[in-house]
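Student: Quick one: this structure, given as structure tokens, is what I'll be asking you about.
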Amino acid sequence: MQSEASAVPEAPSKAMRKLLESGAKTLELDLSAVTQDTLLRYIGLLDKWNKAYNLSAIRDPYTMVSRHLLDSLSVLPRMSELMAGIVGLQIMDVGTGAGLPGIPLAICLPDQHFTLLDSNGKKTRFVLQTAHELGLKNVQVVQDRIEGFSSAAEPDIILSRAFASLRDFASGCENLASTNTHLFAMKGEYPQQEIDDLPAHWQVVQCEPLLVPGCEGERHLVVMKK
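So the sequence shown is residues 1 to 226, counted in the UniProt record's numbering.
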């Protein structure tokens, strides 16, 4: 491990903490001080590793709070509705990259189990080390492609913000998803053409705009089921 990546992350600035606090309020999320601290520690680790391993195109830690943390957490209200107080759900993040949205969600949902999947060894090594340093006992990291991955536990939710199209996402999850599995796709503009191109046995049960504090441009959450 290179020294740039193993260095102790710098303490988050007051501006970063204020942005996270205000963003969480806008999203109507009640995040404890401990949870906020852990989220900001994650950004610190990402910033340090990013200098050595080019994990994210975003270089400014302050911008990472909105573009990475708040963007990831914007799906929490809809996930909470679906979970309805149930614990121990199996949640997969496909194409997690640097752990997004999986790590921020796992920090906020310690009673749910997360599997973070990516084919890039450099990125999965970072995510594995991050989960260890943050003490995330509810995170499993797997280096694999979704098409070749098999799981003994049926996933309740499979989410991603990495796939180019809804059709690719649904097709990649075909063998993992049952009729009880919800797919959460985080998209930009309203993806009408992608919805029209979905295989007939997949249906969109919800498509709603996401308000991401500090982020310009449209964001949408598309929820799909067989």
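All C-beta atoms, glycine included, are put in the ideal place defined by N, C-alpha and C.
Take every Cβ of the segment 127-137, pair it with every Cβ of the segment 66-86, and state whether three or more of those distances are shorter than 8 Å.
Tutor: Contact between the segment 127-137 and the segment 66-86 is absent, because fewer than three Cβ pairs lie under 8 Å.
Student: Quick check on isoleucine 146: does DSSP put it in helix, strand or coil?
Tutor: DSSP places isoleucine 146 in helix when its eight states are reduced to three.
Student: Would you decide whether alanine 84 is buried or exposed? Buried here means 16 or more other CB atoms lie within 10 Å of its CB.
Tutor: Alanine 84 is exposed by the Cβ-count criterion.
Student: By the three-class DSSP mapping on this structure, what secondary structure does phenylalanine 126 have?
Tutor: Residue state, collapsed to three classes: helix.
Student: With distance defined between alpha-carbon atoms, name the residue in Leu55, Glu81, Ala15, Ala106 nearest to leucine 39.
Tutor: Measuring from the Cα of leucine 39, the nearest candidate turns out to be Ala106.
Student: Check this for me: beta carbons of alanine 170 and proline 199, under 9 Å apart or not?
Tutor: Contact: yes.
Student: Output the residue ranges of the beta strand (DSSP E) runs that lie fully inside the segment 172-212 and measure 3 residues or longer, sorted by chain position.
Tutor: Listed in chain order, the complete beta strand (DSSP E) runs (minimum 3 residues) inside the segment 172-212 are 182-187, 203-209.
Student: Verify whether the separation of the beta carbon atoms of glutamine 90 and leucine 116 is less than 9 Å.
Tutor: Going by C-beta atoms, glutamine 90 is not nearer than 9 Å to leucine 116.
Student: When DSSP labels each residue in this structure, what does aspartate 30 get in the three-state scheme?
Tutor: In the structure shown, aspartate 30 sits in coil (DSSP, three-state: anything other than H, G, I, E or B).
Student: With threonine 96 as the anchor, note down where its alpha helix (DSSP H) starts and where it stops.
Tutor: From DSSP, threonine 96 is part of no alpha helix (DSSP H); its letter is neither H nor E.
Student: Report the CB separation of proline 213 from leucine 70 in whole angstroms; it is logged as a contact under 8 Å.
Tutor: The pair is a contact, with the Cβ atoms about 5 Å apart (cut-off 8 Å).
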